[in-house]
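In my numbering, the protein residues as written are 16 to 216. Note that CB positions come from ideal geometry on N, CA and C, so glycine has one too. Remember, predicted model here, so these are calculated numbers, not experimental data.
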């Protein structure tokens, strides 16, 4: 469920207060940021690596990176889009090479019966590999919509862009995803997993 404008404004204000405290030397305030966003960042990391242990390590690394960069944050901006982008880029950079090098595309051409847990995991790995081949903008919005299950309104708020921009980006991201999936010969398997409209079942 998306936040109301009042709730979102209050949340943004609290974030800025914590960031200001960190920037002025009260590093203990960073714990509040970690506590508030740790589940979101862990989920992001898990969706990118599909391994609980790796996701834990990656999410911790992401918060370390956030702490190192927080002095650069402009207090006039919204914190969540900046934080999410920094964390996403850091996690993706650390994980992408490993993920792309371990997905056996040739073995996925016959994966149709995704009721089988092992086969479903193979399809999920393939999805992540294809997503990692999208450009940065398409990848980010694709993850927010289909992996974080954010609404169009929530994505627009997080990225500080109009709703129409989100719709256009997502339309192009889905088309590019389908093209890449077809090139990898896994489109039929992904149709079973995601359905015809690209909405994950």
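Where does the unbroken alpha helix (DSSP H) through residue 58 begin, and where does it stop? For residue 58, the uninterrupted alpha helix (DSSP H) run begins and ends at 45-64, by DSSP.
State the DSSP-derived secondary structure class of residue 192, mapped to helix, strand or coil. Three-state result, residue 192: helix.
Length of the line joining the Cα atoms of residue 69 and residue 77: Straight across, the Cα-Cα distance linking residue 69 with residue 77 is about 12 angstroms.
Can you tell me the Cα-Cα spacing of residue 64 and residue 146, whole angstroms? Rounded to whole angstroms, the separation of the alpha carbons of residue 146 and residue 64 is 12 angstroms.
Length of the line joining the Cα atoms of residue 43 and residue 82: Cα-Cα distance, rounded: 11 angstroms.
Residue from 38, 150, 144 and 191 whose Cα sits closest to the Cα of residue 90: Checked all of 38, 150, 144 and 191; the closest Cα to residue 90 is 38.
Residue of 60, 94, 88 and 66 minimising C-alpha distance to residue 175: Comparing Cα positions, the closest option is 94.
If you compare alpha carbons, which of 194, 28, 177 and 52 is closest to residue 142? With distances taken between Cα atoms, residue 142 lies closest to 194.
In whole angstroms, what separates the C-alpha of residue 179 from that of residue 96? Their Cα atoms are separated by approximately 18 angstroms.
If you measure between the beta carbons of residue 159 and residue 168, is that distance less than 9 angstroms? The criterion of a C-beta distance shorter than 9 angstroms is not satisfied by residue 159 and residue 168.
Residues near residue 57 in its chain [Cβ-Cβ closer than 8 angstroms; skip 5 each side]: Here the set comprises 70, 71 and 74.
I believe residue 196 touches residue 156 by the beta-carbon criterion, under 8 angstroms. Please report the beta-carbon distance rounded to the nearest angstrom. The Cβ separation is near 17 angstroms, so there is no contact.
Put residue 96 into one of helix, strand or coil per three-state DSSP. In this structure, residue 96 counts as helix in the three-state DSSP scheme.
Cβ neighbours of residue 50 in the same chain (closer than 6 angstroms, five flanking residues each side left out): Closer than 6 angstroms at the Cβ level, and outside the excluded window around residue 50, lies no residue.
Three-state class that DSSP yields for residue 89 in the structure shown: Residue 89 sits in coil when the DSSP states are folded into three classes, being neither helix nor strand.
Taking the CB atoms as reference points, tell me whether residue 59 and residue 162 lie closer together than 9 angstroms. Result yes, Cβ atoms of residue 59 and residue 162 sit closer than 9 angstroms.
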